[in-house]
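A.B. asks: Chains as they are written, first to last, in our numbering: chain X, 1 to 358; chain P, 359 to 647; chain L, 648 to 925. All residues carry an ideal CB built from backbone N, CA and C; glycine is no exception.
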Amino acid sequence: MNFRQADDTSSATALEIKGVSKAFGRFPALKNVSLQAKDKEFLALLGPSGSGKTTLLRVLAGLEKPDAGEVRFGDEDFLALPVRRRKVGMVFQHYALFRHMTVAQNIAFGLTVRKRSEKPSKSEIADRVNHLLQLVQLEGLDKRFPSQLSGGQRQRVALARALAIEPKMLLLDEPFGALDAQVRRELRRWLRELHDRAGVTTVFVTHDQEEALDLADRVAILKDGELVQLGAPNEVYEHPANPFVFDFLGQACRLRGVVEGARLRVADWESAAPTGAPQGAVEVFFRPDEVAFAPADGAGLAAEVKGVAQRGPDVRIDCLVEGAPMELVGHGPTLPPGVTPGLSVRIKPLRPQVYAAG
Amino acid sequence: MTVAALAPVAGKPRTRWKEPSILPGFPLAMGWTLTYLGLIVVLPLAALVLRPWEAGLHGVWATLTEDRVLAALRLSFGTSLLAALTNVPLGLMVAWTLTRYEFPGRRIVDAFVDLPFALPTAVAGIALTAIYGPTGVLGEQFAQFGLKTAYNPIGIYIALLFIGLPFVVRTVQPVLQDLDREVEEAAQTLGATTFQRFRMVVLPAVLPALISGFSLAFARAVGEYGSVIFIAGNMPLKSEIAPLLIVIKLEQYDYAGAATVGLAMLVISFGALLGVNFLQIFLARRGRA
Amino acid sequence: MNPTLRLPGLAPLMLAATLAVLGVLIVLPLGVVFHQALAKGLGAYIEPLTHPDALHAIRLTLTVAAISVPLNAVFGVAAAWAIARFEFKGKSLLVTFIDLPFSMSPVVSGLVWVLLFGAQGWFGEWLRDHDIKIIFATSGLVLATVLVTLPFVARELIPLMQDQGADEEAAALTLGAGGWTTFRRVTLPNIKWALLYGVLLCNARAMGEFGAVSVVSGSVRGVTTTLPLHVEVLYNDYEFVGAFAAASILAGLGLVTLVLKTVLEWRHSGELSAGRRH
């Protein structure tokens, strides 16, 4: 995978979340979450459903009041501001377009509801709407109603509507959740470009790790209301903080092993332990496609190939590794040498991650 | 039936009256439905539509231009319109309270909204008369301010308020309930005040339901009889409603006259509902999924 | 509950206003019925209810409902089966005709039968020659009641069965069940609560109907007066306690209906048509 490198040259902290907790009845949705976003940063909140990521986004928007903690944006105490004064542009999961208003009216809404003294003139509003329509590539659709648009188009209207108020921060709740795969990928790239051009601090919620890794400057991974890891996509992917993150960010193969000193031993295979590995009994994680194959008399984990199946561009290799069934993945049309059903081989995980056995 | 009709020409899809289905029972169910409907609804309605013309167009015209008939139609439609219009804000408020606030006994209060549906109209009629009559609990109070609340059009209006309210509440309530909360939140994040949210987001969303509720309450009010006649006073030209005039004409064996008034009510109601429907279609065009 | 627009500051005001409107407009009349009925004590309340005319009125009301309700229940099921399970031309016209009695004045629903079977009705002469009495007789009361209450069951079943779709019936047929078995074992259990709901409303209206039956009854005291008509007769004779006593029975019927209906909406909301779910 190609990751966006964290851009450390960028400026000061814009958004600061400190010790935010929130419970719904007896269910704790957020537990003492702290994180920062830099100015103009694109931050992903990633986690499975029920991890609290949407609640956190809603706290930022002001739609939920946290039980404890602080949210600051720039110099402002955000929690003291009512929703409508925060000037955050929120794009809802199901877009929440006003169905009785045209596309243009939807986009202009945030400007038309302003106090008379702050309201732009009719022609200014029209100009702004046209500019935004251009930006989201929906020229000519201004008179349509939301029901006459495709899902991707609605999404872009929602985005334009959020941008119209010149938000201090853009919040996106599962922005691609309701779209099909093809549209999703196109919009993803486009959204990133849009963000880079508009230069607004953006926080978006997703449960799709690929989307988060592909799109964000930094990824905050949440689980059960807790922040478990925060870092640039390549950091979190290559050094997951714990088995949960490893598992969540991609497919995982796991084995039991032992770390003694600087050596990692799994069955009869020994290698250098990753730096910072805990001592003693450990769980060894690796990606199913990050393995090297060797002949049966070589070094590595003893594996017996049970079956091989072409799966699109990849090859799925079913095997027994040290007696346990495991699915490995080979890329490309040709199989590694010696990988034939019924034969024994040795495999070596290329980048094993090691966690203390739980 | 010709053979051609039985064997459709290949390649030319014949428009069918009924789509084929693997489910059985269509002839029986449909036959029973049509027979029953024919005998109970269509045949009697045919009498209503045809009988006014026995004395020719002239007879119909003569009946319709009687002072008493005109006054009764005006009274019925006028009070119904006023009552239904009053019920729109009242019903919206009740529906709002029932959907947006949590309070002890909410479900009981909710259930009571349907009482006018469940209470026989004659019972409602005498009860309302007992309340708003000159010696009634409320009638007495109003009388102190010189306001007579029974045996005049005000009494009719009160009775029509009673029977119309649930129609508005019950059509608006589900819409308020299902209103996408994200849409209101979106308005909030875009800077709308509470009042703006209500006026620009909530109200347009419930408007079609309000109009439906209005038209249901109106239609019911125009034809209402039992709950009205006790409180109406039934003074010819003053507080005599159109349905009562039908009864009076029947008692005089003026069948054609009674049918004329009945048909006129039906036609005017139908026209009003048609107008409401066009309004609904117009609103629906403005973007409903 | 969702944290949407609640006008929190207005909450007490809205609640108070709602309770006031419902209290004065809806609950007060109900209370007045019982208050007036018991105004002269329990004895004066019971006495008019045991009068032969009152007992006859109750019997007649029950008879009329016992004939009309099953007729309309069977019609409702048949119509719902035809409309919700098959596609055919003119369906919306059919539905319009089924709904029509709801938008007719009760008085018109009585009037049309007089136009057919009254002394000067289309069939008036023929009926007189054959010594058959419909108007001013029980059969007239039944016809008027049937017309007024015709849509109730159908209106509950059609949307529900349309929502449910025909998949389950189709599955039963593929598993070898016959048409009747499919209806009895698959359809009926799926619609039973909605059917009961419709029957409940139909029955309440059938027993409480006033306008339509008053037109066809002639209000011959003790002969063609149903309970609601009996209320009117007593009221017009200034027998207020008796009128309200009889009314209290009807109000009780209304309350029982309301309770049962509410229980159905709470317990079986998933098995009622969408508009009835709470």
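1) Check whether chain P comes within 8 angstroms of G110 of chain X, counting only Cβ atoms and requiring the distance to be less than that.
2) In whole angstroms, what separates the C-alpha of D700 of chain L from that of A791 of chain L?
3) For V282 of chain X, which residues in the same chain have their Cβ closer than 7 angstroms to its Cβ, ignoring the five residues on either side in sequence?
4) Report the option in P:L439, P:L637 and P:S434 whose CA atom is closest to the CA atom of P594 of chain P.
5) Nearest CA to the CA of T743 of chain L: which residue from P:S379, P:F628 and P:G633?
6) With a threshold of 8 angstroms between beta carbons, is G14 of chain X in contact with chain P?
7) Drop a sphere of 10 angstroms on the beta-carbon of S438 of chain P, count the other beta-carbons inside from all chains shown, and report buried for 16 or more, exposed for fewer.
8) My guess is that T618 of chain P and A567 of chain P are in contact by the Cβ rule of under 8 angstroms, so how many angstroms apart are they, rounded?
9) Taking Cβ-Cβ distances shorter than 7 angstroms, what residues in chain L pair up with I398 of chain P?
10) Could you check whether the Cβ of W769 of chain L sits closer than 8 angstroms to any Cβ belonging to chain P?
11) Would a check of beta-carbon distances place L707 of chain L closer than 8 angstroms to chain P?
12) In chain order, which continuous runs of the beta strand (DSSP E) of length 3 or greater are located wholly inside the region 99-185 of chain X?
13) What is the DSSP secondary structure of D425 of chain P, reduced to helix, strand or coil?
14) So, at 8 angstroms on beta carbons, what are the nonlocal neighbours of A684 of chain L in its own chain, with the 5 sequence-adjacent residues on each side left out?
15) From L641 of chain P to A859 of chain L, what does the alpha carbon distance come to, in whole angstroms?
16) If the cut is a Cβ gap below 9 angstroms, which residues of chain X does E543 of chain P touch?
17) Give the interface partners of G414 of chain P over in chain X, defined as CB-CB distance under 8 angstroms, in chain order.
18) Ends of the beta strand (DSSP E) at K306 of chain X?
19) Would A216 of chain X pass as a contact of A44 of chain X if the rule is Cβ separation under 8 angstroms?
20) Under 8 angstroms between C-beta atoms, does T909 of chain L make it to chain P?
21) Can you check which of these residues, L:A725, L:G678 and L:L707, is closest to A387 of chain P by C-alpha distance?
22) Suppose only complete runs of 4+ residues qualify. What are the alpha helix (DSSP H) ranges in the region 710-753 of chain L, listed by chain order?
23) Kindly list the residues whose CB is nearer than 6 angstroms to the CB of L624 of chain P, restricted to its own chain and excluding five residues on each side of it in sequence; keep chain order.
24) Count the CB pairs spanning the region 76-95 of chain X and the region 528-548 of chain P that are closer than 8 angstroms, and state whether there are at least three.
25) Taking V564 of chain P as the query, report the chain L residues whose CB atoms sit under 9 angstroms from its CB, ordered along the chain.
26) On the DSSP letters alone, give me the boundaries of the beta strand (DSSP E) that F520 of chain P sits inside.
27) Does the region 836-847 of chain L come into contact with the region 455-471 of chain P, if we say contact requires no fewer than three beta-carbon pairs (one atom in each stretch) closer than 8 angstroms?
28) Does the region 417-436 of chain P come close enough to the region 806-815 of chain L that 3 or more CB-CB pairs lie under 8 angstroms?
29) Residues of chain P with a CB under 9 angstroms from the CB of A784 of chain L: which are they?
30) Strictly by DSSP, which residues pair up with G89 of chain X?
31) Once DSSP output is grouped into helix, strand and coil, what is the label at F857 of chain L?
32) Starting from the N-terminal side, write out each stretch of the beta strand (DSSP E) that is 3 residues or longer and does not extend beyond the region 225-297 of chain X.
33) So what does DSSP say about E886 of chain L, is it helix, strand or coil?
34) Within the same chain, show all residues whose beta-carbon is closer than 8 angstroms to that of L788 of chain L, passing over the 5 residues directly before and after it, in chain order.
35) Any idea what DSSP makes of G688 of chain L, helix, strand or coil?
36) From what residue to what residue does the beta strand (DSSP E) around G581 of chain P run?
C.D. replies: This is what the structure gives:
1) Yes, G110 of chain X counts as interfacial toward chain P.
2) The alpha-carbon of D700 of chain L is positioned some 22 angstroms away from that of A791 of chain L.
3) Excluding sequence neighbours, V282 of chain X sits near G257, V258, V259, V354, Y355, A356 and A357.
4) Out of P:L439, P:L637 and P:S434, P:S434 has the C-alpha closest to the C-alpha of P594 of chain P.
5) That would be P:F628, whose Cα lies nearest to the Cα of T743 of chain L.
6) Residue identity differs from the one stated: residue 14 of chain X is Ala in this sequence, not Gly. Judged by the 8 angstroms Cβ criterion, A14 of chain X is not in contact with chain P.
7) S438 of chain P counts as buried, since at least 16 other C-beta atoms from the protein chains shown sit within 10 angstroms of its C-beta.
8) Actually they do not touch by this definition, with Cβ atoms about 35 angstroms apart.
9) Proximity of chain L to I398 of chain P at the Cβ level (cut-off 7 angstroms) is accounted for by V793, L794 and L797, in chain order.
10) Yes, its Cβ sits closer than 8 angstroms to a Cβ of chain P.
11) Not one beta carbon of chain P lies nearer than 8 angstroms to the beta carbon of L707 of chain L.
12) Listed in chain order, they are 169-173.
13) Helix at D425 of chain P.
14) Here the set comprises Y692, V888, F891, A892, A894 and S895.
15) Rounded to whole angstroms, L641 of chain P to A859 of chain L spans 36 angstroms at the Cα level.
16) Residues of chain X whose Cβ lies closer than 9 angstroms to the Cβ of E543 of chain P are, in chain order, R58, A61, L63, V83, M90, F92 and A96.
17) Neighbourhood of G414 of chain P in chain X, by CB distance below 8 angstroms: empty, with the nearest CB roughly 50 angstroms away.
18) K306 of chain X -> beta strand (DSSP E) spans L301 to R311.
19) Here A216 of chain X is near A44 of chain X, since their CB atoms are less than 8 angstroms apart.
20) It does: the Cβ of T909 of chain L has a partner Cβ on chain P nearer than 8 angstroms.
21) When C-alpha distances from A387 of chain P are compared across L:A725, L:G678 and L:L707, the shortest belongs to L:A725.
22) Taken in chain order, the unbroken stretches of alpha helix (DSSP H) that lie wholly in the region 710-753 of chain L and span 4 residues or more are 738-746.
23) For L624 of chain P, where only same-chain residues beyond five positions count, there are no Cβ hits under 6 angstroms.
24) Contact holds: three or more Cβ-Cβ distances are below 8 angstroms.
25) Under a criterion of Cβ atoms nearer than 9 angstroms, no residue of chain L is adjacent to V564 of chain P; the nearest Cβ is some 12 angstroms distant.
26) For F520 of chain P, no beta strand (DSSP E) encloses it; the enclosing alpha helix (DSSP H) starts and ends at P511 to D536.
27) They do not touch, by the three-pair rule.
28) When C-beta atoms of the region 806-815 of chain L are compared with those of the region 417-436 of chain P, fewer than three pairs fall below 8 angstroms, so the two segments do not count as touching.
29) Against chain P, a Cβ distance below 9 angstroms from A784 of chain L picks out nothing, because the smallest value is about 16 angstroms.
30) BP columns for G89 of chain X point to X:L170.
31) DSSP places F857 of chain L in coil when its eight states are reduced to three.
32) If only complete runs of 3 or more residues are kept, the region 225-297 of chain X shows the beta strand (DSSP E) at 226-231, 253-260, 263-266, 269-272, 280-286 and 291-295, in order along the chain.
33) It is coil, neither helix nor strand.
34) Answer for L788 of chain L: L707, V711, V860, V863, S864, T871 and T873, listed in chain order.
35) DSSP places G688 of chain L in helix when its eight states are reduced to three.
36) Here G581 of chain P belongs to no beta strand (DSSP E); instead the alpha helix (DSSP H) covers L561 to G581.
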